[in-house]
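Chemist: Read in order, the letters of the sequence shown are residues -18 to -1, 1 to 264 in mature numbering (1 follows the signal peptide of the UniProt record, and there is no 0).
Using N, Cα and C, we set each Cβ at its ideal position, and we do this for glycine too.
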Amino acid sequence: MKKLLTLLFTALVAITLAACGGGNGDGDSSGSDDGDTKKLVVGATAVPHAEILEQAAPILKEKGIELEITEFSGYELINQALVEGDLDANFFQHIPYLELEKEEKGYDIVNAGGIHIEPIGIYSKKYESLEDVEDGATVLISSNKPDHGRILALFEQEGLITLADGVEKGSATLEDIVENPKNLEFDFEYAPEILPQVYNQGEGDLVVINSNYALEFDINPLNDSLAIEEGSQDNPYVNVIAVNAGDENKEEIKTLVEVLQSKEIQDFIIETYAGAVVPASE
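1) For the beta strand (DSSP E) containing residue 124, list its first residue and its last residue.
2) Whole-angstrom Cβ separation of residue 27 and residue 194, contact assumed at under 8 Å?
3) At the level of alpha carbons, what is the spacing between residue 22 and residue 204?
4) Cα separation between residue 209 and residue 110?
5) What span of residues does the alpha helix (DSSP H) with residue 20 cover, start to end?
6) To the nearest angstrom, how far is it from the Cα of residue 135 to the Cα of residue 20?
7) Inspect the beta-carbon positions of residue 82 and residue 25 and report whether they are closer than 8 Å.
8) In the DSSP assignment, find the alpha helix (DSSP H) that holds residue 206 and state where it starts and stops.
9) To the nearest whole angstrom, what separates the beta carbons of residue 262 and residue 97, a pair I think is in contact under 8 Å?
10) On a Cα-Cα basis, can you pick out the residue from 211, 127, 165, 117 that is closest to residue 140?
11) What would DSSP say about residue 221, mapped onto helix, strand or coil?
12) Quick check on residue 183: does DSSP put it in helix, strand or coil?
13) By DSSP, does residue 144 sit in helix, in strand, or in coil?
14) If you reduce the DSSP assignment to three classes, tell me which class residue 105 lands in.
15) Let me know the secondary structure DSSP gives residue 100 once reduced to three states.
16) Using the three-state DSSP reduction, which class does residue 189 fall into: helix, strand or coil?
17) Can you look up residue -16 in the DSSP assignment and give me helix, strand or coil?
18) According to the neighbour-count rule (16 or more other Cβ atoms, all chains shown, within 10 Å of its Cβ), is residue 156 buried or exposed?
19) By Cβ distance, which residues of its chain are closer than 8 Å to residue 130, with the 5 residues on each side in sequence left out?
20) When DSSP builds the beta bridges, which residues end up paired with residue 167?
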């Protein structure tokens, strides 16, 4: 059932939000009826990435850039679409995820600039506090390996486990747990986009959810979580604009990043998400 749900979610991809005759297909962002206007096709997951891009679109238009947003329901195909030239950039991933994709798939893509952080949280339909967690409780976490280190760091921060000495924050694996006094059972077979549904259905004793997917299902990361990751500036899980290597020097890409890092957009993030999404500048 888990795998079926995952396939259903990942199949719902490429929904164009700003319909302008579809993507340009070859990644050429210069195609336009107006010689002074450049077009950028950016792939993104819905919340908060596509919402932030929609807020930036009018500002970009004033700067001579027409923004077309292509929405994806899951992570798996977005970097592939970028590499294949269907997108000029994408906006959905943090740096550890990007680095793992490059290592495992050989993608020649780069970070063009950090925009925001989505703190990860621990949720439960069974417990009102982490102090109530019982022996042998099940913990449902993302199958996304780059998130495992940050999840385990959060559990250690909350006193639920102890990790081996010398393990860097964010790089821990389940094998690095040296103390687990409540004998928590970690299940990492779930695609991250499935976890909010799993939580709402009451599966698992504890469920760890990325804030972007929590928000899509009207789960408030600040009010509904039992514990949430700190969204400080030195958090390594900043979400970035990614482009094919070399494109980071294009003026339109630089302008996209500048607009997304501007005070106007950063203020929008603060006011809209009230701490569930944190500007990278904060």
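Modeler: By the coordinates alone:
1) 120 to 124
2) 6 Å
3) 34 Å
4) 11 Å
5) Looking at the DSSP string, residue 20 is not in any alpha helix (DSSP H); the run it does join, the beta strand (DSSP E), is 20 to 27.
6) 43 Å
7) no
8) 203 to 206
9) 6 Å
10) 211
11) strand
12) coil
13) strand
14) strand
15) coil
16) strand
17) Its pLDDT being 39, under 50, residue -16 is placed unreliably by the model, and the measurement read from it follows with that caveat. Looking at residue -16 - three-state DSSP - the assignment turns out to be helix.
18) exposed
19) 123, 124, 154, 155, 156, 170
20) 120
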